[in-house]
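Those protein sequences? They're chains E and R, same order as listed. Numbering-wise (this note's numbering), the first sequence opens with residue 1 and increments by one. Numbering-wise (this note's numbering), the second sequence opens with residue 1001 and increments by one. Before any comments, here is the structure.
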Amino acid sequence: MSADVELDGVWVTFGDFVAVRDADITIRSGEFFSFLGPSGCGKTTLLRVISGFLEPSDGAVRIGGQDMAGIGPNKRPTALIFQNLALFPLMKVWENIAFGLEVRGVPKAERRRRAEELLDLIALTGQADKLVSELSGGQRQRVAIARALAVEPNVLLLDEPLSALDLKLRQHMRTELRAIQKRVGITFIYITHDQGEALTMSDRVAVMREGVIEQVTDPATIYNQPATAFVASFVGENNAFKGRISARSGNAVSVETGLGPMQARLTEGPAQALQVGDETLVFIRPESLKRLANETDPGVRIAARLVQEEFEGTIRHLVLHGQDGTHIKMSVMNDGNDPGLKLGDDVLIGCRAELAVALPPGGLAKEI
Amino acid sequence: MAAARKLPLSGFMQKNGPILGTGLLVAVGFWVAAMIVLPQFFMLDFSFRYNLPLPQQGGPNDVYTLENYRFFLFGSPTNPDPFNILDLAVFLRTILSAVLVTLFNLMLCYPIAFYLAQMARGGFARLLVLALIIPFWVNEILRAFAFRILFGATGMVNTFGLSLGLWDQPIDFVRADIALYAGLGYAYVLLMIFPLYNAIESLDRNQLEAARDLGAPWWRIHWRVVIPHAKPGIASGCTMVFMLAAGALAAPQILGGPSSLWFTQIIYQWFNDGGNWPRGAAYAIVLMTACIGFVLTVMRIFRVNIGAIGR
């Protein structure tokens, strides 16, 4: 059984502080849905609201169509996986997994059988009688998942459960989590500040900033068609060029920048309100920039000087300075050929107009 | 040098320097020998001797004997009963009452400790701790007398109960030993709360939420998560309260009913009124051994490691 989770105008305030502002989302049954945002953006608060540990100050949470107001976390069809897992250290692995069944009065033999089934599911067959402290980090992770799945929740809530693992294990667990979700078919709601996790695992992602949900859509759209400057700058690397719109035709705009005129496009959302004469930020991803031959004019054309180069295996990270001193990041795939560039060389770089996104300024995630 | 390095002492001396190191060793050695080992040793030695007048002590009649222990079990030679029923009954009642006081204390302090450790926040928690500590600035004997007044025939408890119509005649709480249990229980509240607080405080709050999220009602969260985690603290608190309650003297003297006697009062009588130190020593050794044995047995049953209560 799986269920929709509806957030209907949810506000959470602590005194004067607004932790979540008017969250309005329907998370579809069977979906792998992520809330992505920096720490303090309200995503964990939202998770606590869905799990029932926190009542919203305003608005409603509905799971499977049923209003959850006044229903405690022990009565909701949700199960939560904590950031630090919160496994019970004094219980054996199987007792941990079967705790939810014990609570429901399932007889011991049946509990044991269910626990062993779940251990098979998470590939920990035969570890039932170990203590949690005898397991590795990745194994504990999976026990926590099994413990949550044992109560057959309609919705599984995960609060950055991979953050304590090392890089390799984290990447492995991403695939694992996605596979488990496909197998059990229930709704997963995943909280993370790691865009890599959100993009690789999710069907849809909600990007949050300071309590506000800025964009909700599939990972590719988040990355390629950001709705706000925050989304463009928080998800992935990006260059931002300040400018003023000089012409608009549909979603195509011309922007005057310190580096010369640029052709860009507008995405769905707040950018649609941009008019001729408005200030704007033009975002171009480092991997979109290419070296240009002298005569081509693809839409964005920048004369720059190479000042720094970092080699990272598959990719070379280049830093260039525009004529007005603007820092420009550019990445070049390492295809085995010598790029033929030296520090101090003047080059022409640019990209097609579709790869440059013009957005209203304000709300940058970091200095870029 | 290599051989010297193996001695644990040389490391200790290196860390603290020769003067401070020696000073610490002498202080700890003196404390262990003069305050712990020697008094107990003399008490043990006393308990195996006859109660001789001063001139005869060290003389030919001053030999070791089991007479004092025999007396505890079987009474004087003229005793018509097969056992020393009077003293044995007081002994058993003391142990049993100490157990009751301990359990009562545990039930009273566990919710308070849990509240302080997991739920209370900032200023209010500090205020609550202060409210728990301040009464103990008052002398133990004064506190016992205060309880006597509280539980007296015209005391606050009776006045309150009578005016509410809960009972229609003053209850003699002192004769019923209720005043004694309440006084003893109250005397050791802090010794119970602090070990419990320490143990519960170290419990990750997420574990409580995880159990709740998995559907557990509050009592099962306590039974399966909090209490197993707090077991060393519970053992530590119970041990202290039991030992001190069984060995209490002032509270039973002041709050005890006329018919009820605490075993420590018998010991006191042998030392003081009876002037029979060897017999008093034997009784004291019996009480101590029994208490230690009892505690060890209970800890064994509940599978608590003796090292755990030191934490």
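We treat Cβ as the ideally placed atom computed from N, Cα and C, and that holds for glycine. Fair warning: this is a prediction, and the values are worked out from it, not measured in the lab.
Straight-line CA distance for residue i to residue j?
| i | j | result |
| --- | --- | --- |
| Gln1169/R | Leu1073/R | 41 Å |
| Ala3/E | Arg183/E | 16 Å |
| Ile81/E | Glu116/E | 20 Å |
| Gln215/E | Val207/E | 5 Å |
| Leu1191/R | Leu1116/R | 15 Å |
| Phe1194/R | Leu1106/R | 12 Å |
| Val212/E | Val49/E | 15 Å |
| Lys92/E | Gly137/E | 16 Å |
| Tyr1186/R | Arg174/E | 56 Å |
| Ile189/E | Gly363/E | 25 Å |
| Pro77/E | Leu169/E | 29 Å |
| Arg352/E | Leu199/E | 24 Å |
| Ser1047/R | Arg1300/R | 29 Å |
| Ile368/E | Phe32/E | Below a pLDDT of 50, predicted positions are generally treated as unreliable, and Ile368/E, at 48, falls in that range; no measurement from the model is reported. |
| Leu1020/R | Ala1027/R | 10 Å |
| Val282/E | Glu312/E | 27 Å |
| Met1001/R | Phe1012/R | Model confidence at Met1001/R stands at a pLDDT of 42, short of 50, so the residue's coordinates are unreliable; what they give is reported in the following sentence. Each residue's alpha carbon lies about 15 Å from the other. |
| Ala1003/R | Gln1014/R | At Ala1003/R the pLDDT is 47, less than 50, meaning the model places this residue with poor confidence; the figure from the coordinates comes in the next sentence. Cα to Cα, Ala1003/R sits roughly 15 Å from Gln1014/R. |
| Phe1151/R | Ser1163/R | 15 Å |
| Asn74/E | Glu1209/R | 9 Å |
| Ala240/E | Glu279/E | 13 Å |
| Ile1134/R | Leu1128/R | 10 Å |
| Gly1075/R | Phe1083/R | 7 Å |
| Val20/E | Asn1139/R | 54 Å |
Which residues bound the beta strand (DSSP E) around residue i?
| i | result |
| --- | --- |
| Met330/E | His327 to Met333 |
| Ser249/E | Asn239 to Ser249 |
| Gln263/E | Gly260 to Leu266 |
| Thr314/E | First-last for Thr314/E: undefined, no H or E at that position. |
| Met1243/R | Looking at the DSSP string, Met1243/R is not in any beta strand (DSSP E); the run it does join, the alpha helix (DSSP H), is Ile1227 to Ala1246. |
| Ile25/E | Phe17 to Ile27 |
| Phe88/E | That residue, Phe88/E, is in no beta strand (DSSP E); it is neither H nor E in DSSP. |
| Leu359/E | Ala356 to Leu359 |
For the alpha helix (DSSP H) that residue i lies in, which residues bound it at each end?
| i | result |
| --- | --- |
| His193/E | Looking at the DSSP string, His193/E is not in any alpha helix (DSSP H), and its letter there is neither H nor E. |
| Ser138/E | For the record, residue 138/E in the displayed sequence is Gly; it is not Ser. Run containing Gly138/E: Gly137 to Ala150, per the alpha helix (DSSP H) assignment. |
| Asp1168/R | Per DSSP, Asp1168/R belongs to no alpha helix (DSSP H) and is neither H nor E. |
| Glu1067/R | Glu1067 to Phe1074 |
DSSP three-state call for residue i: helix, strand or coil?
| i | result |
| --- | --- |
| Ser1202/R | coil |
| Ile81/E | strand |
| Arg178/E | helix |
| Asp1087/R | helix |
| Asp278/E | coil |
| Ser57/E | coil |
| Tyr223/E | helix |
| Cys1291/R | helix |
| Ile1133/R | helix |
| Gly350/E | strand |
| Trp1262/R | coil |
| Val1189/R | helix |
| Ile1141/R | helix |
| Leu1025/R | helix |
| Tyr1050/R | coil |
| Lys290/E | strand |
| Val1298/R | helix |
| Ile368/E | Note that Ile368/E scores 48 on pLDDT, short of 50, meaning its location in the model is unreliable; the coordinates nonetheless yield the value given after this. In the structure shown, Ile368/E sits in coil (DSSP, three-state: anything other than H, G, I, E or B). |
| Arg1175/R | coil |
| Arg104/E | coil |
| Arg48/E | helix |
| Met68/E | coil |
Flag residue i as yes if its beta-carbon sits less than 8 Å from any beta-carbon of chain A, otherwise no.
| i | result |
| --- | --- |
| Phe33/E | Absence of chain A from the displayed structure is noted, the protein chains being E and R. |
At a cut-off of 7 Å, is residue i close to the ligand FAD when judged by its beta-carbon and the heavy atoms of the ligand?
| i | result |
| --- | --- |
| Arg113/E | For the structure depicted, the ligand FAD is absent and the ligand set is empty, with no information on it obtainable. |
Exercise. Do the stretch 325-340 of chain E and the stretch 265-278 of chain E touch if we need at least three Cβ pairs shorter than 8 Å?
Worked result: no
Problem set entry | Validate contact between the stretch 292-303 of chain E and the stretch 334-353 of chain E using beta carbons, cut 8 Å, 3 pairs | yes
For this session: Check whether the stretch 213-231 of chain E touches the stretch 247-262 of chain E, taking contact to mean three or more Cβ pairs, one atom from each stretch, closer than 8 Å.
Result: no
Exercise. Using a beta-carbon distance cut-off of less than 8 Å, what residues from the stretch 1208-1234 of chain R approach chain E?
Worked result: Per Cβ criterion, the list reads Glu1209, Ala1210, Ala1211, Arg1212, Asp1213, Leu1214, Gly1215, Ala1216, Pro1217, Arg1220, Arg1224, Val1225, Pro1228 and His1229.
Exercise. Counting pairs of Cβ atoms below 8 Å between the stretch 137-148 of chain E and the stretch 111-128 of chain E, do you hit three or more?
Worked result: yes
For this session: Below 7 Å between beta carbons is the criterion; list the residues of the stretch 1181-1210 of chain R that meet it against any residue of chain E, in chain order.
Result: Asp1204, Asn1206, Gln1207, Glu1209 and Ala1210
For this session: Check distances from the C-beta atoms of the stretch 71-97 of chain E to those of chain R and list, in chain order, the residues that come in under 7 Å.
Result: Pro73, Asn74, Ala79, Leu80, Phe82, Asn84, Ala86, Phe88 and Leu90
Exercise. Got a sec: which bits of the stretch 41-55 of chain E sit with their beta carbon under 7 Å from any beta carbon on chain R, in order along the chain?
Worked result: Answer set for the stretch 41-55 of chain E: Ser51 and Phe53.
Problem set entry | Contact between the stretch 282-291 of chain E and the stretch 234-242 of chain E (3+ Cβ pairs under 8 Å) | As far as the Cβ criterion goes, the stretch 282-291 of chain E touches the stretch 234-242 of chain E, which means the pair count is three or higher.
Exercise. Is there contact between the stretch 1216-1231 of chain R and the stretch 1133-1151 of chain R, where contact requires at least three CB pairs shorter than 8 Å?
Worked result: no
For this session: Could you run through the stretch 94-128 of chain E and flag, in chain order, every residue whose CB is less than 7 Å away from some CB of chain R?
Result: Per Cβ criterion, the list reads Phe99, Gly100, Val103 and Arg104.
For this session: Report yes or no: do three or more beta-carbon pairs, one from the stretch 1217-1225 of chain R and one from the stretch 1265-1272 of chain R, lie closer than 8 Å?
Result: no
Exercise. Within the chosen definition, does the stretch 1235-1248 of chain R reach the stretch 124-133 of chain E through at least 3 CB pairs nearer than 8 Å?
Worked result: no
Problem set entry | Three or more C-beta pairs below 8 Å linking the stretch 64-72 of chain E and the stretch 40-56 of chain E | yes
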